[in-house]
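Line by line, the protein sequences give chains C and X.
Just so you know, we're using the working numbering here: the first sequence kicks off at 79 and counts up by one.
Just so you know, we're using the working numbering here: the second sequence kicks off at 79 and counts up by one.
For each residue, glycine too, the CB sits at the ideal point set by N, CA and C.
Keep in mind it's a predicted model, so treat the numbers as computed, not measured.
So the structure is just underneath, and the comments pick up after that.
2 protein chains.
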Amino acid sequence: MDKILRINMSGANGPEINTVSLGEYKGLGGRAMTSTIVAKEVPPTCHALSAENKLVIAPGLLSGSAAAMSGRISVGCKSPLTGGIKEANSGGQPSQVLARLGYAAIVLEGKPKDDTLYKVVITKDDVSISPANELKMHGNYDLVEKMKTQYGDKIACISIGQAGEMKLGAASIAFTDMELRPTRHAGRGGVGAVMGAKGVKVIVLDDTGTAMRQPKNPDAFKEANKAFVAGLRKHPVTGQGLPAYGTNVLTNVVNEAGGYPTFNFKQGQFEGASKISGEAQAELENTRGGEGSATHGCHRGCVIRCSGTFFDKNGRFVTKQPEYETVWAHGGNCGIDDLDAIALIDRMDDDFGVDTIEMGATIAVAMDAGLAKFGDAEAAIRLVKEVGQGTPLGRILGSGAAVTGRVFGVERIPVVKGQSMPAYDPRAVQGMGVTYATTTMGADHTAGYAVTANLLSVGGTVDPLKPQGQVELSRNLQIATTAIDATGMCLFIAFAILDQPDTFQSLIDLINGFTGLSMTADDVTNLGKSILIHERNFNKAAGLTAAHDRLPDYFKNEPLSPHKITFNVSDEELDQVFNF
Amino acid sequence: MDKILRINMSGANGPEINTVSLGEYKGLGGRAMTSTIVAKEVPPTCHALSAENKLVIAPGLLSGSAAAMSGRISVGCKSPLTGGIKEANSGGQPSQVLARLGYAAIVLEGKPKDDTLYKVVITKDDVSISPANELKMHGNYDLVEKMKTQYGDKIACISIGQAGEMKLGAASIAFTDMELRPTRHAGRGGVGAVMGAKGVKVIVLDDTGTAMRQPKNPDAFKEANKAFVAGLRKHPVTGQGLPAYGTNVLTNVVNEAGGYPTFNFKQGQFEGASKISGEAQAELENTRGGEGSATHGCHRGCVIRCSGTFFDKNGRFVTKQPEYETVWAHGGNCGIDDLDAIALIDRMDDDFGVDTIEMGATIAVAMDAGLAKFGDAEAAIRLVKEVGQGTPLGRILGSGAAVTGRVFGVERIPVVKGQSMPAYDPRAVQGMGVTYATTTMGADHTAGYAVTANLLSVGGTVDPLKPQGQVELSRNLQIATTAIDATGMCLFIAFAILDQPDTFQSLIDLINGFTGLSMTADDVTNLGKSILIHERNFNKAAGLTAAHDRLPDYFKNEPLSPHKITFNVSDEELDQVFNF
């Protein structure tokens, strides 16, 4: 990881490939890399689809090494959805592969002169870019199949579906998983639209002939990794809950807590929750069996293994095991309690390349607009299908909840900075409300996952229904998360490192063993803070102010059942989140 | 004008009518009234379609009196298009009528519980509101015909078409003209969507039995009015250009100057300009003849008489004489040089209730997106038709240029604060660029009409292609305009009062004669400043910052032919506009 691949799509004679040294970006990975490049090189006021925007794809600091859980990848740009800076994070294979190929980042710059669509192929010895108009308006699944046929099954792919080509606000970037399927996505913020605006359909990676990245201090690294893995296995969430049920283990937990947004954030509990819970999903998957139905990792080196495979009743592959957020977005939030329908929509989302959270929130808004009835799974499927077809209605929906709300005159739109809220009602999980409101990313759960102390008694306990302590909780989580997002580590390690000081220490030892540095916990915190400051400054210059660090007014006025509670962290408190 | 009519649409047993005294709003008219009420009573962060927003309709300070040109009316609210405060201004009869009925403002508040549509009828003795679901999805023309049948032809109407009912961002509010046709519109900022959200289809006004409002000092008033009218008749613009050709007299002027935005702001001159100029239009109208084809006023008491009537080749009424901005928006900006097509679209816009500027800018963006070819009038007609039909595509287009750009992934969107620029390219008329960027209203020409000194040598001369002097010019015009918008005076008086100090003095005498006050020129300036400060504060609290007081980046990067010039007033200078 000693170089950056820059592809200038504006080149006079077509795209120009430049491999450059790291320079001032040396030592950065993941979100630290993407946010630093974007903050330094992208004019904050530019149009997100313009030549001035850049799409940065960066493996984490530890990606490509033997460090467990280090396969996350960051995608950064100015977001067409939020108008601010964006880091969207994904699992899948490309992070490890790209890191092994030696690239600390791919930067797509400029804009092609015409509507030619390009394909990038990166191997150990070569980088090429060539027109690939024959791939136009392919879904991710078809596309990856074609790449497999052409380049063999040792590849990993980074690609966009129809939504990215149409430059829609909900468009994601797909990353292939260990089964070479386009199931993992940098979902949020419309990053796929930026890749579409750059005219790049797919980046094919082949790390044949490369080796694992070697640590500076192999013994310390190896020992730290062992302790780190043991710590993950010991913690009940990372060692038991997630491996057994996947992320969807949360459905019953959040629903019980009255924080499960139902019918477009109108109530905090869903009657059909148990039918779509992780437990029900695991039972269904176990009954149906099929290869890969047991939980497994989304990338090499994962030891939590919260992923799985969803087969239909005839044993045919449908999609990866839908994640909690997806099951909520297309399930409870739309009043749908049918796992097969949800899985089918998940497959469609992955194929068209749209964020499942944004799409689910959008369908619920469309239901509020009267386009379909809550609970009508067939109608939801029909609506999502329109996105792939690129009809006017499909383009509206694919532009996300905020645009859909505007086009259909709906008032209750659960977005912050234009991005849809995920699966925790901020009134019943007020720490999440603080994160939604204040993160640089627009409403986002991963940015500062206060569900930990609010509902799971992980890393302490903070009453989810009271404002007290939420700002501090969210602040600390946002800082820690930002640092983790720089390492390439899966965020789920947070459960163990928040609760087990020795596991946190082994993470630091792992970083130090790999890099040869002597970082302390404070250094990690300072890294998180410095990235956040870059991001905040970008957003400020782009026009995002304190007024944008707010939830929509109705969360402050409309009490949520069953707790009959409103969001009551004050504006003044929200403005203290970045006071560090 | 000693009372305010407040209608609370949220009433437990249906809408509640309250007539209240002026209280703290005493002495305010027009924009001073609307902006003060909105700034005081509407939470800046509320959703524009929510119960918390208010729609304020206010005649000017002099409306309903014998003062010439005093028939403008202001509509205020939080704008669904810009997210900031809005004052949209219209001609037509309702200002005079409402003022004679004694109302200084109508305030629509709250939100109905269901989707019942209401009709308000105001006479000398009574105000009533009743369900009128039979009027749902009527165009303004049909609607007004029905009202005429029901209430006679002495009425004036304030209404929304289909677009307002659908709560679209480009939705206008129609005001009937002297011929009782819905041809005058408070067009900008989506005020019609707010009326739609309030569930009010039409306000029928009947001033039978009322008298003209009487001045405090009749002799001084009468004398001032005489001098004022003489001043207007003496000035070449208000005495000759506008009466002869209407506002469309500008087409040749602006095109000559290279500031006529053509093909979605891609060049500054349009080859077909002469075919759609005011001169060509007047010739066509004169040839075709028909009742009212000569120019006349849009309201009682107008002496400039820039309005007219457009008949088709068979002598059938089509629409009022399309205004310069409309002819540009649906003409040159879309590459269309066919006055009949433009007139037909103008009629459709008025009927559906959409802002012609926003719609024209939107169609041009749609053309850039490939939905139609520039110059294809039939396609443009088809696209606008979709708006009235409320198809998904129609709803996209009716939501304005910014939303259309997002849905179709178009990068070059000529908006500021989400509102489309009017008919002067800010690169070739840099003073207008300053106004577009900085006005509290989103891109708007009337807010500070720098065309005066930039192109017309009215009120001085400032080189349109240079940044020097533009900030001061725009600042002074914005202050003066805001004050004029409070009086109910047509903005076109500005030509005469800018050039003729004695005409300016007679305006002040007119105000003093009417109100019994002793205002000075400084007082008028201070009134303008104080309203602007209210508006700026509202916008700031709503989240609009210096970053929103900017033109889209491409105006700074993309040179405009024929002058090969970019917008080059610096950000630092723009930030000085409100430094007073």
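6 Å CB neighbourhood of residue i in its chain, flanking five on each side removed
i: C:M426; result: V462
i: C:E115; result: Correcting the residue type first, residue 115 of chain C is Ile in the shown sequence and not Glu. Excluding positions up to five away in sequence, the list reads V134.
i: C:A442; result: N342, N411, C412
i: X:V512; result: Q548, V549, S552, V647
i: C:A561; result: V602, L605, G606
i: C:G431; result: N218, I238, G239, A241, G242, A249, S250, A252, G270
i: C:N627; result: The sequence shown places Asp at residue 627 of chain C, not Asn. A515, T516, L652.
Beta strand (DSSP E) segment containing residue i, residue limits
i: C:L283; result: 278–284
i: X:N237; result: A quick correction: the sequence has Ser, not Asn, at residue 237 of chain X. 233–237 is the extent of the beta strand (DSSP E) around X:S237.
i: C:A249; result: Note, C:A249: premise wrong, no beta strand (DSSP E); not H, not E.
i: C:V98; result: 94–99
i: C:R109; result: Taken as a continuous stretch (DSSP letters only), C:R109 belongs to no beta strand (DSSP E), being part of the alpha helix (DSSP H) at 108–119.
i: X:V205; result: 205–209
i: C:T397; result: 395–398
i: C:V198; result: 196–200
Opening and closing residue of the alpha helix (DSSP H) in which residue i lies
i: C:A351; result: Counting along the chain, C:A351 falls outside any alpha helix (DSSP H), and DSSP gives it neither H nor E.
i: C:Y632; result: 632–635
i: X:E651; result: 649–652
i: X:A219; result: Per the sequence presented here, residue 219 of chain X reads as Tyr, with Ala not at that position. Note, X:Y219: alpha helix (DSSP H), 218–229.
i: C:K618; result: 599–620
i: X:F573; result: 571–577
i: C:I557; result: 548–565
i: C:Y402; result: 402–408
Contact set for residue i: own chain, Cβ-Cβ below 7 Å, skip 5 residues either direction
i: C:S143; result: M290, R291, P293, F592
i: X:Q654; result: V549
i: C:V485; result: I474
i: C:P640; result: G336, G346, Q347
i: X:F388; result: E363, V396, T397, K398, Q399, P400, A421
Buried or exposed (CB count within 10 angstroms, at least 16 for buried), residue i
i: C:V175; result: buried
i: X:R150; result: buried
i: C:S584; result: buried
i: C:P400; result: buried
i: C:V98; result: exposed
i: C:N392; result: exposed
i: C:E349; result: exposed
i: C:F314; result: Residue identity check: residue 314 of chain C is Pro in the sequence provided, not Phe. Label assigned to C:P314: exposed.
i: C:G386; result: buried
i: C:R460; result: exposed
i: C:S355; result: buried
i: C:G659; result: Any question about residue 659 of chain C goes unanswered here, given that chain C covers just 79 to 658.
i: C:E119; result: exposed
i: C:E403; result: buried
i: X:A90; result: exposed
Spatial neighbours of residue i in its chain, beta-carbon cut-off 8 Å, leaving aside the 5 residues before and after
i: X:V307; result: A146, V381
i: X:P296; result: G591
i: X:R378; result: G149, Q171, Q174, M256
Pick out the complete beta strand (DSSP E) segments inside the region 143–189 of chain C, 3 residues or longer, and give them in chain order.
151–156, 163–168, 181–187
Near-chain C residues of the region 612–633 of chain X - C-beta to any C-beta below 9 Å
K618, A619, A620, G621, L622, T623, A624, A625, H626, R628, P630, D631, Y632
Inside the region 254–336 of chain C only - beta strand (DSSP E) runs reaching at least 3 residues:
262–264, 278–284
Please identify, using Cβ separations under 8 Å, the residues of the region 454–477 of chain X that lie next to chain C, in order along the chain.
T469, P470, L471, R473, I474, S477
Compile a chain-ordered list of the residues in the region 238–271 of chain C whose CB is closer than 8 Å to at least one CB of chain X.
M244, K245, L246, G247, A271
Any chance you could list the beta strand (DSSP E) runs of at least 3 consecutive residues sitting entirely within the region 442–481 of chain C, in chain order?
none
Which parts of the region 410–434 of chain X are runs of the beta strand (DSSP E), unbroken and 3 residues or longer, counting only runs that do not cross its ends?
none
Just by C-beta distance, which residues in the region 122–134 of chain C are closer than 9 Å to chain X?
P122, T123, C124, H125, A126, L127, S128, A129, E130
Taking only beta carbons into account, state which residues of the region 494–518 of chain C come closer than 7 Å to chain X, listed in chain order.
none
Quick one: which unbroken alpha helix (DSSP H) runs of 4-plus residues sit fully inside the region 497–532 of chain C? Chain order, please.
508–516
Tell me which residues of the region 420–440 of chain X have at least one Cβ-Cβ distance to chain C shorter than 7 Å, keeping chain order.
none
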